[in-house]
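Report on the structure given below.
Residue numbers (this note's numbering): 23 to 461.
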């Protein structure tokens with residue numbers, strides 16, 4: 023498949039970028055792992071029933087001539103202008119002249135004793151399960167961690183019938199108050215927060231508190247919380263715990279894009295340091311759907327040569343960047359969270375590697391060679407970020423496949439030359455761990 027512009031990611035940034043690029047009359051395609059539009063934040067077609075912004079972008083996208091390649095995961099970039107992907111388990115090539123990366127973000131998990139128990143999940147993950155029919159009605163849920171997502175998730179779980187026992191935010195009240203007072207520049211956000219809080223009438227909202235441990239036999243049965251001076255235990259059926267979001271920058275790194283403070287570097291037109299590659303949304307900074315869609319439009323216009331249209335959105339983007347900075351400051355993680363895990367706490371869930379095992383080594387690469395941390399199904403997306411927070415390590419490089427892929431895809435004819443196996447295979451299939459072999 024060959025397109026003038028290819029957008030990776032169909033969330034707010036990707037939808038906006040594709041719609042803007044399509045106005046040029048050039049061929050545009052959007053690739054996304056999910057079978058729906060909207061990414062994780064808008065949750066597909068159902069989101070338009072309760073989200074006016076999602077409704078507008080869905081309608082605009084459907085009127086465009088953009089090709090949607092759903093259930094398509096990018097796994098490698100064998101050469102400039104070419105992406106290797108899997109679509110419904112089958113390999114495919116997608117060629118591009120300009121590429122827009124809108125790969126979004128994922129939840130940040132920090133290990134604490136009991137975080138691997140069944141029933142302990144990320145807030146967004148539990149909400150997504152509930153959206154797709156997971157039986158949450160009548161279940162006791164404690165929502166904990168940090169960020170505006172906690173209120174949204176608690177509200178959503180309550181609508182699905184869950185008994186939300188408490189929302190526990192690690193940020194102190196003083197920071198939240200300053201953040202709230204600064205929202206006069208964004209009245210829509212202030213009103214959104216007020217509506218969410220109103221929907222949680224009767225649910226305790228505790229600031230400056232965080233989870234210490236989760237306990238249970240076959241699954242979580244209670245969680246112990248603290249505010250730094252006292253501790254208390256709450257019986258529960260689920261703990262939805264996440265400490266904000268981290269950007270998905272694996273594909274930008276694979277393509278050679280430079281990062282700054284963990285985010286993809288872009289210029290005024292959302293162009294990365296790699297020619298003809300643009301980036302928008304959470305990979306450039308965690309700012310929410312409105313910020314992402316504004317950046318996406320700029321990237322879409324810039325990628326198709328409509329610089330003046332892009333410039334008209336610079337002022338709006340600047341305003342959203344102020345909001346983004348305020349968000350980062352208000353919900354900065356407190357140092358106590360780095361001491362929750364002990365040496366027996368599992369850090370790498372895929373390969374069952376504890377924090378104590380990883381402390382024996384000097385860096386990520388050495389620990390990976392000796393313990394296989396980061397070599398499981400998540401490819402270090404969970405433990406890598408946790409290791410950075412707890413140990414100060416960074417993942418030195420990203421190698422294909424970016425996502426778990428079938429060996430067939432990595433040695434398929436699309437990336438072979440004269441029946442020679444693809445060099446991707448050299449990093450595609452490490453020896454299975456004993457735990458994985460047993461499963």
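Virtual Cβ for every residue (Gly too), placed ideally from N, Cα, C.
Between residue 223 and residue 235, the CB-CB gap reaches or exceeds 9 Å. Secondary structure of residue 24 (DSSP, three-state): strand. Annotated as proximal: residue 258 and residue 244, with beta-carbon spacing under 9 Å. Nearest in C-alpha terms to residue 382, of all of 395, 372 and 371, is 395. Shortest Cα-Cα distance from residue 354 to any of 201, 239, 218 and 215 involves 201.
Look at residue 246 here: in three-state DSSP terms it is strand. Between residue 414 and the set 387, 422, 431 and 398, the nearest pair of CA atoms involves 387. DSSP places residue 407 in the helix class (H, G or I) of the three-state scheme. In the DSSP secondary-structure assignment, residue 120 is bridged to 27. In terms of CA proximity to residue 265, 360 leads the group 77, 360 and 384. Contact annotation: the region 305-320 touches the region 116-131, with at least three C-beta pairs closer than 8 Å.
In chain order, 265, 359, 362, 408 and 411 place their CB closer than 7 Å to the CB of residue 132, counting only its own chain and leaving out the 5 sequence neighbours on each side. For residue 53, the three-state secondary structure derived from DSSP is strand. DSSP places residue 282 within a strand segment (E or B) once states are collapsed to three.
By the neighbour-count criterion, in which a residue is buried when 16 or more other Cβ atoms sit within 10 angstroms of its Cβ, residue 345 is buried.
Secondary structure at residue 168: strand, using DSSP grouped into helix, strand and coil. Bounds of the beta strand (DSSP E) holding residue 233 are 232-237.
DSSP, reduced to helix, strand and coil, places residue 182 outside both helices and strands of the structure shown, so it counts as coil.
Boundaries of the alpha helix (DSSP H) harbouring residue 323: 311-325, taken from the DSSP string. Annotation for residue 216: the continuous alpha helix (DSSP H) segment containing it runs 209-220. Residue pairing by DSSP places residue 254 opposite 247 in a beta bridge.
Each residue's CA atom was taken as its position, placing residue 290 and residue 391 some 40 Å apart. A direct Cα-to-Cα measurement between residue 29 and residue 58 gives close to 15 Å. For residue 94, the enclosing beta strand (DSSP E) starts and ends at 94-101. Cα atoms of residue 297 and residue 276: separation of roughly 14 Å, rounded to the nearest angstrom. Annotated as distal: residue 163 and residue 190, with beta-carbon spacing of 9 Å or more. Bridge pairing for residue 260: 163 [DSSP]. CA-to-CA, the gap between residue 270 and residue 299 works out to about 16 Å. For residue 385, same chain residues with a beta-carbon under 6 Å away, outside a window of 5 residues either side, are 415 in chain order. Per DSSP, reduced to three states, the secondary structure at residue 422 is coil, with no helix or strand assignment. Closest in C-alpha terms to residue 375, from the list 398, 322 and 293, comes 398.
Per DSSP, the beta-bridge partners of residue 115 are 106.
Secondary structure of residue 373 (DSSP, three-state): coil. Residue pairing of residue 269 in beta bridges, as defined by DSSP: 127. Under the 10 Å beta carbon count, residue 64 is surrounded by 16 or more other beta carbons and is classified as buried.
Between the beta-carbon of residue 177 and that of residue 111 there is about 36 Å, and that puts the pair past the 8 Å contact cut.
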